[in-house]
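Undergrad: Per the numbering used here, numbering of the sequence shown is gapless, rising by one per residue and ending at 753.
To start, I am sharing the structure in question, which I have written as structure tokens.
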Amino acid sequence: GSEQAKWFEAQLSHVPPQVQFLFLLYHIPWVADSQSHLIAGLPSKAALDLRGILDAHMAALRARVVVFNGHIHNYERFVRNGAEYVVTGGGGAEPYPLLFRGPGDLYRDMAFPVYHFVTVDLDRGHLHAVMWKIQDPDAAKLRVVARDQFFLSAPARIDKAGTDAPFQRKH
């Protein structure tokens, strides 16, 4: 019932059908690993409320949804109700050590620390996201290595007759 929740609900109710990918950015995670839930009580009630609104709209959205969150100084990735959830908080502050990763976390590497960044490339209706981890944060010259990635394809587009058609890029 917050103003933010009402605004978010209104926005999701009016996503045009030609939108291929919908990126949502919110500081507090909407989905978090078991350790974050047990130790830090994450996700928060406000985050869960917003996630519930997204869940209620997922069936009607034609766009592929990717939710990026921070706050947890580490990297986690989940799929829930057809949406991709990426917790990416490894850009500078001291990473949180992980004692364990729950079964829902698609990123399984327990190596520590996880200083990282995420790139997203879009090309002709296809999305490719890569998590780049700093190999050795103490090295004189920093090097990165791809440690996680996922691919999404745009949904079929709606043609003028109102039927689904494979997505093709217009030149």
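For glycine and all other residues, C-beta sits at the position ideal for the given N, C-alpha and C.
Does DSSP put residue 753 in a helix, in a strand, or in coil?
TA: Taking the sequence shown and counting its residues from 1, the one referred to as residue 753 is at position 171. Because the pLDDT of residue 753 is 37, which lies under 50, any placement of that residue in the model is unreliable, and the number read from its coordinates should be weighed accordingly. Note: residue 753 maps to coil in three-state DSSP.
Undergrad: Can you round the beta-carbon distance between residue 716 and residue 726 to whole angstroms, since I take them to be within the 8 Å contact cut?
TA: Within the sequence shown, the letter at position 134 stands for residue 716. Within the sequence shown, the letter at position 144 stands for residue 726. Yes, they are in contact, since the Cβ atoms of residue 716 and residue 726 sit about 6 Å apart, within 8 Å.
Undergrad: Considering only the alpha carbon of each residue, which of 594, 664, 611, 639 lies closest to residue 734?
TA: The sequence position of residue 734 within the sequence shown is 152, counting from 1. Taking only the C-alpha atoms, the option nearest residue 734 is 664.
Undergrad: Does the distance from the CB of residue 658 to the CB of residue 631 come in under 8 Å?
TA: To locate residue 658, count along the sequence shown from 1; it is residue 76. To locate residue 631, count along the sequence shown from 1; it is residue 49. Result no, Cβ atoms of residue 658 and residue 631 do not sit closer than 8 Å.
Undergrad: Starting from the C-beta of residue 751, find all residues in its chain whose C-beta is less than 6 Å away, skip the five residues before and the five after it, and write them out in chain order.
TA: Translated into positions along the sequence shown, residue 751 becomes position 169. Low confidence applies here, because residue 751 scores a pLDDT of 44, under 50, leaving its location unreliable; read the following figure in that light. Within the same chain, residue 751 has close Cβ partners 706.
Undergrad: Taking the CB atoms as reference points, tell me whether residue 597 and residue 604 lie closer together than 8 Å.
TA: Residue mapping note: residue 597 aligns to position 15 of the sequence shown, counting from 1. Residue mapping note: residue 604 aligns to position 22 of the sequence shown, counting from 1. Cβ atoms of residue 597 and residue 604: closer than 8 Å.
Undergrad: Buried or exposed, going by whether 16 or more other CB atoms sit within 10 Å of the CB of residue 753?
TA: Numbered from its first residue, the sequence shown carries residue 753 at position 171. Reliability of the predicted coordinates at residue 753 is poor, the pLDDT of 37 falling under 50, and the value obtained from them is presented with this limitation in mind. The residue is exposed, with fewer than 16 neighbouring Cβ atoms inside 10 Å.
Undergrad: Buried or exposed: residue 618, going by 16 or more other Cβ atoms within 10 Å of its Cβ?
TA: Locating residue 618 in the sequence shown gives position 36, where the first residue counts as 1. With 16 or more other Cβ atoms within 10 Å, it is buried.
Undergrad: Does DSSP put residue 619 in a helix, a strand or coil?
TA: Along the sequence shown, one-based indexing puts residue 619 at 37. Reduced to three states, the DSSP call for residue 619 is helix.
Undergrad: Helix, strand or coil for residue 585 per DSSP?
TA: Looking up residue 585 in the sequence shown gives position 3. Residue state, collapsed to three classes: helix.
Undergrad: Output yes or no for whether 8 Å exceeds the beta carbon distance between residue 655 and residue 629.
TA: Along the sequence shown, read from residue 1 onward, the residue named residue 655 stands at position 73. Along the sequence shown, read from residue 1 onward, the residue named residue 629 stands at position 47. Against a cut-off of 8 Å, the Cβ pair of residue 629 and residue 655 comes out as no contact.
Undergrad: For residue 718, which of 638, 695, 731 has the nearest alpha-carbon?
TA: For this step, residue 718 is matched to residue 136 along the sequence shown. Closest by alpha carbon: 695.
Undergrad: Measuring straight from C-alpha to C-alpha, what distance separates residue 708 and residue 616?
TA: Start at 1 with the first residue of the sequence shown, and residue 708 comes out as number 126. Start at 1 with the first residue of the sequence shown, and residue 616 comes out as number 34. Straight-line spacing of the CA atoms in residue 708 and residue 616 works out to 31 Å.
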